[in-house]
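*Asks:*
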Amino acid sequence: MDDGWGVRRLCGDDWERHRAVRLAMLLDQPGAYGSTFAREVAFDETTWRERLDHPVLLAESDAGLPLGAATLYRPDESHDPEIVAMWVAGHARGHGIADALVQACVDLAGARGDAVVRLHVMRDNPRAVAFYERVGFAFDGSAGDIAGCDRMSRVLPA
């Protein structure tokens, strides 16, 4: 990874970019995102645009290559936001991409006045657990609602 990179929020007109990155994620790590390539490749433009109603952050190189992505998901205003669909391309790992994506999600939640950000992590993924602990998340005692996952939370400054 020789060139520069940055993180940006995708908008509705970025639906094709979001589709390409999401499908790449599903091929790269089948079973990690609660869906399949076969299911999502059939989604229409409307579905992809609707998915961008939740903030999707994309890390990409200055040349436009996708390096990682994360979504700040909130089903409705009565729920705390959650970081979901966190992905970093294999060749981009170890370059601060994950840190930047998490920070972008946390900054966005803080700007909206949220007090906490949550996420689910696979119990059998010690590398992910260590990463999330390093960036300020802690297990909150909830088993979460995803099989094989525990919930972690990060309290945001007031």
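Residues 2 to 159 in the numbering used here are what the sequence shown lists, from first letter to last.
All residues carry an ideal CB built from backbone N, CA and C; glycine is no exception.
Because the structure is a prediction, the values reported are computed rather than measured.
1. Taking only three categories from DSSP, how would you classify Asp151?
2. Excluding the 5 residues flanking Cys12 on each side, which residues of the same chain have their C-beta closer than 8 Å to its C-beta?
3. What does a CB cutoff of less than 8 Å around Val42 pick up in its chain, not counting 5 residues either side in sequence?
4. May I ask you to list the residues that DSSP assigns as paired with Tyr74?
5. If I measure Cβ to Cβ from Ala64 and keep anything under 7 Å in the same chain, skipping five residues before and after, which residues do I get?
6. In three-state terms, what does DSSP make of Phe140?
7. By Cβ distance below 7 Å, which residues in the same chain neighbour Gly69 in space, the five residues on each side in sequence not counted?
8. Tell me where the alpha helix (DSSP H) around Val130 begins and ends.
9. Under a three-way DSSP split, which group does Val103 fall into?
10. Can you tell me the Cα-Cα spacing of Arg75 and Arg124, whole angstroms?
11. Just list the residues that DSSP pairs Trp88 with in beta bridges.
12. Hey, how far is the Cα of Gly149 from the Cα of Arg20?
*Replies:* Let me spell this out:
1. Correct three-state label for Asp151: strand.
2. Closer than 8 Å at the Cβ level, and outside the excluded window around Cys12, lie Leu53.
3. Excluding sequence neighbours, Val42 sits near Leu24.
4. DSSP lists Glu83 as partners of Tyr74.
5. Exclusion of the five residues before and after Ala64 leaves Asp4 as the residues of its chain whose Cβ lies within less than 7 Å of its Cβ.
6. It is a strand residue.
7. Taken in chain order, the residues that qualify are Ala60, Trp88, Val89, Ala90, Ala93, Ile98, Ala99 and Leu102.
8. Annotation for Val130: the continuous alpha helix (DSSP H) segment containing it runs Pro127 to Arg135.
9. In the structure shown, Val103 falls within a helical segment according to DSSP collapsed to helix, strand and coil.
10. In this model, Arg75 and Arg124 are separated by some 23 Å (Cα to Cα).
11. Ala70.
12. Gly149 and Arg20 have their C-alpha atoms some 27 Å from each other.
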